[in-house]
Amino acid sequence: MSNEQIRKDLLLQRSFLKRELDQLRFIAEMTGTNQEKEINKRLDRLNTIDKILAELEKKK
């Protein structure tokens with residue numbers, strides 16, 4: 396798999412994670428439930444993706 400394809404896949408995953416975060420935050424606000432663990436999991440994945448994308452940019 397080329398670096399460009401990896402980059403595109405990561406950007407797609409990143410956009411899905413952002414949408415999930417928005418949904419979890421909305422659910423937490425509307426229901427008053429604690430979604431902190433789920434939100435933190437997705438934030439961790441988002442940070443990992445950002446780090447990988449930064450490394451791919453350096454290799455260009």
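Each residue of the sequence shown is one higher than the one before, starting from 396 at the first, in this note's numbering.
We treat Cβ as the ideally placed atom computed from N, Cα and C, and that holds for glycine.
On a predicted model such as this, the values are computed, not experimentally measured, just so you know.
Residue 452 and residue 408 have their C-alpha atoms spaced approximately 17 Å apart. Taking the Cβ atoms as the reference, residue 414 lies roughly 18 Å from residue 448, outside the contact range of under 8 Å. In the structure shown, residue 429 falls within a coil segment according to DSSP collapsed to helix, strand and coil.
Remark: C-beta atoms of residue 444 and residue 405 approach each other more closely than 7 Å.
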